[in-house]
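To start, the structure under review is shown below, and the notes come after it.
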Amino acid sequence: MALTKQERRLRIKRRIRKSVSGTAERPRMSVFRSNKQISVQLIDDLSGKTLMATSSLIKEIAEKSVNKIEQAELVGQAIAEKASAAGITSVVFDRNGYLYHGRVKSLADAARKGGLKF
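Per my numbering, residue 563 is the first one in the sequence shown, and the count goes up by one each step.
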């Protein structure tokens with residue numbers, strides 16, 4: 563029997579998470595994408611804490627009338643600004659089982675332009 567989209571994504575996610583882990587110096591940048599919104603967290607897996615997070619629901623991004631790919635770019639820029647203010651320059655990218663194109667790619671590219679290295 564064929565896998566559903568959700569089961570397939572979770573299999574890919576488990577395969578990725580075997581090798582991807584974040585530390586306080588180099589946190590894991592985890593992306594979550596729903597049908598309408600996108601969010602990202604910087605996570606220290608050693609202590610099990612989320613260092614910072616942002617999403618397309620924050621007021622500055624939600625007020626702008628843009629499409630979802632441009633919305634993802636704004637989220638990527640916002641997390642890069644927050645991270646640089648906290649002194650974080652490099653991260654480990656966790657695409658969370660999503661394919662690396664579209665919104666996930668635009669968020670990653672915007673974060674790279676903002677100064678994050680991964």
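For glycine and all other residues, C-beta sits at the position ideal for the given N, C-alpha and C.
Could you compute how far the alpha carbon of isoleucine 578 sits from the alpha carbon of glycine 659? CA-CA distance, isoleucine 578 to glycine 659, rounds to 7 Å.
Return helix, strand or coil for leucine 604, following the three-state DSSP convention. In the three-state reduction of the DSSP assignment, leucine 604 falls in the strand class, which pools E and B.
Going by beta carbon distance, what residues of the same chain come within less than 6 Å of serine 618, once the five residues before and after it are set aside? If we look at serine 618 and ignore the five residues flanking it on each side, its Cβ neighbours are Gln599, Ile600, Gln633, Val637.
Can you pull the DSSP bridge partners for arginine 590? Arginine 590 is bridged by DSSP to Ile605, Val654.
In or out: glycine 610 buried (at least 16 other Cβ within 10 Å) or exposed? Glycine 610 counts as exposed, since fewer than 16 other C-beta atoms from the protein chains shown sit within 10 angstroms of its C-beta.
Applying the 10 Å Cβ sphere with the 16-neighbour rule, what's the burial state of serine 581? With fewer than 16 Cβ atoms within 10 Å of its Cβ, serine 581 is classed as exposed.
As a quick exercise: from Ala564, Ile574, Thr612, pick the residue whose alpha carbon is nearest that of threonine 585. The option with the nearest alpha carbon to threonine 585 is Thr612.
Let me check understanding here. Comparing Cα to Cα, which of Gly664, Lys679, Arg657, Glu587 lies closest to phenylalanine 594? When each option's Cα is compared against that of phenylalanine 594, the closest is Arg657.
When the distance is taken between beta carbons, is threonine 616 closer than 8 Å to alanine 640? Cβ atoms of alanine 640 and threonine 616: closer than 8 Å.
Measure the C-alpha to C-alpha separation of glycine 677 and leucine 565 and round it to an integer number of angstroms. Here the alpha carbon of glycine 677 sits roughly 38 Å from the alpha carbon of leucine 565.
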